[in-house]
Each structure stands twice: as structure tokens, then as C-alpha cells.
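Working notes, structure below.
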Amino acid sequence: MINAVGNRMTREIARQQKLADALERTQIQISGGKKLLRMSDDPVAARRIATIGTTQASMTAWSANVNAADALVSQADGVMKSVSNLMTRARELTLSAASDTTNPADRATIAAELGTIADELDALAATRDSNGEPVFATGTARVMRFDSDLSFAPVPSAADVFVVGGNSLSTGIRDAAAAVAAGDKAMMGTSITALGTAISHAADKHAEIGLSGGRLDRIGDGLAARGITLKDERSTVEDTDLDVAIAELKAQDLTLQAAQAAFAKINRQTLFDILN
Numbered sequence: 048m049i050n051a052v053g054n055r056m057t058r059e060i061a062r063q064q065k066l067a068d069a070l071e072r073t074q075i076q077i078s079g080g081k082k083l084l085r086m087s088d089d090p091v092a093a094r095r096i097a098t099i100g101t102t103q104a105s106m107t108a109w110s111a112n113v114n115a116a117d118a119l120v121s122q123a124d125g126v127m128k129s130v131s132n133l134m135t136r137a138r139e140l141t142l143s144a145a146s147d148t149t150n151p152a153d154r155a156t157i158a159a160e161l162g163t164i165a166d167e168l169d170a171l172a173a174t175r176d177s178n179g180e181p182v183f184a185t186g187t188a189r190v191m192r193f194d195s196d197l198s199f200a201p202v203p204s205a206a207d208v209f210v211v212g213g214n215s216l217s218t219g220i221r222d223a224a225a226a227v228a229a230g231d232k233a234m235m236g237t238s239i240t241a242l243g244t245a246i247s248h249a250a251d252k253h254a255e256i257g258l259s260g261g262r263l264d265r266i267g268d269g270l271a272a273r274g275i276t277l278k279d280e281r282s283t284v285e286d287t288d289l290d291v292a293i294a295e296l297k298a299q300d301l302t303l304q305a306a307q308a309a310f311a312k313i314n315r316q317t318l319f320d321i322l323n
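Going by the numbering used here, the residue at position 33 of the sequence shown is 80; the numbering climbs one at a time, nothing skipped.
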């Protein structure tokens, strides 16, 4: 009989320890804000949290690339506006120089301005971003990754933008300047045609850059939406539901207090009381 009582008390002590452990666990979940205290608590949920965390880290990098590409596209857009204005001005000057009413002195002035425009175009082609890198890559266009299976060059290479028909835009303008300075109307006519082609080429590249900007906006919006979804899912799996946890804590506390009170009452009984 005594052994039976002892065993019962041992079991009760073990039960109360489990209740106390559960209570402590709930307190930690509330204070820390996380449901899982170790992977073994819920291996499936732990693996999902790890997967989400990896994806979130990748998305942070992709979002940073979108922002960097946006800045690059914005800078390239400004450069292309200047290129368009300079090319248009160069063609207007060459047309003016080809007129029969233009005298040699005026042609010399026009030729000098065309040379200046060519120099400005060379400077624009060499524009650098905030990191000191060329906006228009000198080799292959700079490709950037924006998702696990999505990467492209937001801005074309310098050769793609500033070269047409095998000649750079600035070379075409210097050819026009040479024709104007020499008073060679045939060469001026050729230059006018070439400049018209170059203007169309620059406009096409400008439009291409604009399309990249729109595409980046859509990618950025998509990443932001996915980020919110992943954050919500991770919170559901990982974060403590305070309302539920607090209610559970109160219930656990009441259960433990009741068990302790009952155990104390039994423990006060004498062996004679138990035997009776």
C-alpha cells in the first residue's frame, strides 16, 4: 500500500513537472514571439521557415538589383535625351551649311560647332554611374538577375547605342564637319542622310531603354507583392499567436496550481489517514 502511494506521488510529481515545462515553454513563446523553439518541435514547419528564409534573402538581392537597374535606366534615359538633341542639332547645322546662301566663314563656324558636338557625344558615351562603372558597357551589355529564372541587360552596350553602320555617332558628325569645312556639298548631302539614319537609331535605342524601365517597374511590383505573401506565410508558421498563447498560458497556470494544491493536500495526510 505504501509502495502504491509512493508510486502515485512520483507520477504526480512527474505530471506537475510536465505542466511546469509546458507553462515555461508557452512563456518563452510569448516573450520571444516565436512558436518554434527548436527544429524538433515541428520539423515540417522548420523546413518551410528555412525555405522561406532562403527565398527572402534571394528576393532582397533581386530587389536591390531592380533598384540599381532603375537608377541605371534613369541615367541612361537622360543621356539619350541629350544624344537626341545633339544629333538633331548636328543635322540642322549640316543642312544649314549645305545651303547656297551660307558663306565660307559661316561654314567654318558650323564645322567648329559640329566638332564640339562630336566631343560631347564621346563624353556621353563614356558616362559613368554612381559606382564609377560605365552606364553603357564598353564590352557586352551588363546583365543583371531579377529573379531565379529572369535576367537581362537593362541598358544596351556602348557599341549598340553609339555605333551605327560600323561608325560611331561622333565619327559621323566629324565627317559632316570635315565636309562642311571643305565646302563639299556632295559629302554634306551624304552626311545629312547618315545623320538622319543615326537619329532614328538613337531614337530606337532610347525607346528600348524606356521599355526596360517599364519592365523593371513591373518586376519590382511583383517582387514586392511576393515579399508580402512570403512574410505573411512565415509569420503564420513561425510567429506566436499572442491571443491563443496567452489563453493557453492562463489555462496551463490554472491546471498547474490546481495540481499543486491537490498534491499539497494529499501530502499533508498521515500514513494513518491514507490507510483508512
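Even glycine gets a Cβ: it sits at the ideal position worked out from N, Cα and C.
Start-to-end residues for the beta strand (DSSP E) that takes in residue i
i	result
S335	One cannot answer for residue 335 here, as it falls past the ends of the chain, which runs 48 to 323.
Residues near residue i by beta carbon distance below 8 Å, same chain, minus five either side
i	result
D176	A118, L119, Q122 and V182
E180	R189
E255	P203
M106	L270, R273, G274 and L277
Close Cβ partners of residue i (< 6 Å) along its chain, the five nearest in sequence each way excluded
i	result
A225	none
V211	A245 and H248
Neighbourhood of residue i by C-beta distance below 7 Å, restricted to the same chain and skipping five residues each side
i	result
T187	S204
A144	R154, I157, V227 and M235
A241	G219
W109	R192, F193, D194 and L270
R138	I239, L242, G243 and I246
As assigned by DSSP and simplified to three states, the class of residue i
i	result
D147	coil
N132	helix
S215	strand
F193	strand
R138	helix
R221	helix
R175	strand
Whole-angstrom C-beta distance between residue j and residue i, which should lie under 8 Å
i	j	result
F193	V113	6 Å
L168	L216	5 Å
L263	P201	6 Å
C-beta neighbour in chain D for residue i, strict 8 Å
i	result
F209	Among the protein chains of the structure shown there is no chain D, as only one such chain exists.
Host alpha helix (DSSP H) of residue i (start-end)
i	result
A233	K232 to E285
A206	A205 to F209
Query raised in the report: If you pair each beta-carbon of the segment 244 to 256 with each one of the segment 158 to 178, do three or more pairs fall below 8 Å?
Result: no
Report task. May I ask you to verify whether the segment 262 to 279 touches the segment 122 to 140, counting CB pairs closer than 8 Å and requiring at least 3? Result -> no
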